[in-house]
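Top line first, the protein sequences correspond to chains A and B. At position 46 of the first sequence the residue is numbered 46 (the numbering used here), and the sequence of numbers has no breaks. At position 5 of the second sequence the residue is numbered 5 (the numbering used here), and the sequence of numbers has no breaks. Cβ atoms here follow ideal geometry from the backbone N, Cα and C, with glycine treated the same way. Bear in mind the structure is a predicted one, so any value in this text is a computation, not a measurement. Report on the following structure.
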Amino acid sequence: DAGVIQSPRHEVTEMGQEVTLRCKPISGHNSLFWYRQTMMRGLELLIYFNNNVPIDDSGMPEDRFSAKMPNASFSTLKIQPSEPRDSAVYFCASSLDRHLGELFFGEGSRLTVL
Amino acid sequence: ILNVEQSPQSLHVQEGDSTNFTCSFPSSNFYALHWYRWETAKSPEALFVMTLNGDEKKKGRISATLNTKEGYSYLYIKGSQPEDSATYLCAFIFGNEKLTFGTGTRLTIIP
């Protein structure tokens with residue numbers, strides 16, 4: 001398996017633009033997680049899905065952020081409109097079990113909002 | 001909000017020396033503890049998932065112990081090598097809640 005695949009790897013955009021980050025989890029994994037890495041807060045969980053259903057989105061910063069998982073092999077994280085404070089590295093991870101399964105992380109999407 | 005605390009925040013160790021660091025967490029309603037290794041410019045990689053009090057796990061020169069009653073886990077590295085330089089994260093689950101990461105211990109091995 002190729003592992004968790006994220007795209008784009010790097011995104012530079014202007015404030016106010018829509019940003020869509022994509023993730024393909026490892027085949028057979030039933031849990032998918034979106035994390036954001038910042039200098040101030042480290043690795044923070046934004047949202048996670050179990051069997052394509054959002055379980056906990058309490059980490060989503062505000063209404064500008066939304067995430068979907070239309071099927072078991074694809075998820076998106078959308079920011080609309082983007083702001084400079086959204087600049088961060090966004091990681092997607094998947095696991096076989098949302099509690100006991102180790103997380104397999106993608107390489108991350110580095111977002112810069114000017 | 002239940003917090004995971006890791007100490008020290010950073011650590012410099014001479015190559016060949018052994019070292020250890022701590023992850024502290026609330027002991028009530030414990031479910032599982034994860035350890036991850038995060039090298040610069042890469043993504044985190046899982047080391048261990050631990051669930052039972054007294055659990056000890058080992059992978060090569062790295063091992064971990066778990067004490068759920070007092071709420072801590074230790075990660076040990078024996079005979080440190082330059083490739084061990086990384087940030088080591090622990091993550092904790094209580095009850096049926098989400099996995100919460102600590103801020104990590106940044107380990108630098110001095111050749």
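With a 10 Å radius around its C-beta and 16 neighbouring C-beta atoms as the bar for buried, classify residue i as buried or exposed.
{"i": "residue 7(B)", "result": "exposed"}
{"i": "residue 41(A)", "result": "exposed"}
{"i": "residue 108(B)", "result": "exposed"}
{"i": "residue 29(A)", "result": "buried"}
{"i": "residue 49(B)", "result": "buried"}
{"i": "residue 4(B)", "result": "buried"}
{"i": "residue 80(A)", "result": "exposed"}
{"i": "residue 84(B)", "result": "buried"}
{"i": "residue 46(B)", "result": "buried"}
In chain D, which residues lie less than 9 Å from residue i when you measure between Cβ atoms?
{"i": "residue 4(B)", "result": "Absent here is chain D; the protein component of the structure consists of chains A and B."}
Given 6 Å as the limit, tell me if residue i has its C-beta closer than that to any heavy atom belonging to the ligand MG.
{"i": "residue 16(B)", "result": "The ligand MG is absent from the structure shown, which contains no ligands of any kind."}
Under three-state DSSP, which class holds residue i?
{"i": "residue 41(A)", "result": "coil"}
{"i": "residue 56(A)", "result": "strand"}
{"i": "residue 81(A)", "result": "coil"}
{"i": "residue 82(B)", "result": "helix"}
From residue i to residue j, what distance separates their C-alpha atoms?
{"i": "residue 94(A)", "j": "residue 24(A)", "result": "9 Å"}
{"i": "residue 14(B)", "j": "residue 49(A)", "result": "42 Å"}
{"i": "residue 28(B)", "j": "residue 15(A)", "result": "43 Å"}
{"i": "residue 52(B)", "j": "residue 65(B)", "result": "10 Å"}
{"i": "residue 111(B)", "j": "residue 76(B)", "result": "19 Å"}
{"i": "residue 107(A)", "j": "residue 86(B)", "result": "16 Å"}
{"i": "residue 11(B)", "j": "residue 68(B)", "result": "25 Å"}
{"i": "residue 101(B)", "j": "residue 44(B)", "result": "11 Å"}
{"i": "residue 105(A)", "j": "residue 37(A)", "result": "12 Å"}
{"i": "residue 10(A)", "j": "residue 22(A)", "result": "12 Å"}
{"i": "residue 104(B)", "j": "residue 51(A)", "result": "29 Å"}
{"i": "residue 45(A)", "j": "residue 58(A)", "result": "9 Å"}
{"i": "residue 9(B)", "j": "residue 4(A)", "result": "29 Å"}
{"i": "residue 115(A)", "j": "residue 16(B)", "result": "Nothing about residue 115(A) can be reported from this structure: the residues present for chain A run from 1 to 114 only."}
{"i": "residue 62(A)", "j": "residue 70(A)", "result": "21 Å"}
{"i": "residue 37(B)", "j": "residue 64(A)", "result": "31 Å"}
{"i": "residue 84(A)", "j": "residue 8(A)", "result": "18 Å"}
Would a C-beta distance cut-off of 7 Å place residue i and residue j closer than the cut-off?
{"i": "residue 31(A)", "j": "residue 98(A)", "result": "yes"}
{"i": "residue 76(A)", "j": "residue 20(A)", "result": "yes"}
{"i": "residue 54(B)", "j": "residue 24(B)", "result": "no"}
{"i": "residue 67(A)", "j": "residue 34(A)", "result": "yes"}
{"i": "residue 60(A)", "j": "residue 47(A)", "result": "yes"}
{"i": "residue 42(B)", "j": "residue 56(A)", "result": "no"}
{"i": "residue 113(A)", "j": "residue 82(A)", "result": "yes"}
{"i": "residue 40(B)", "j": "residue 80(B)", "result": "no"}
{"i": "residue 6(A)", "j": "residue 109(A)", "result": "yes"}
**Message:** Does the segment 86–98 of chain B come into contact with the segment 14–33 of chain B, if we say contact requires no fewer than three beta-carbon pairs (one atom in each stretch) closer than 8 Å?
**Reply:** Yes: at least three Cβ pairs fall under 8 Å.
**Request:** Would you check if there are 3 or more beta carbon pairs closer than 8 Å linking the segment 84–94 of chain A to the segment 59–68 of chain B?
**Result:** The segment 84–94 of chain A, when compared against the segment 59–68 of chain B, does not touch it at the 8 Å Cβ threshold.
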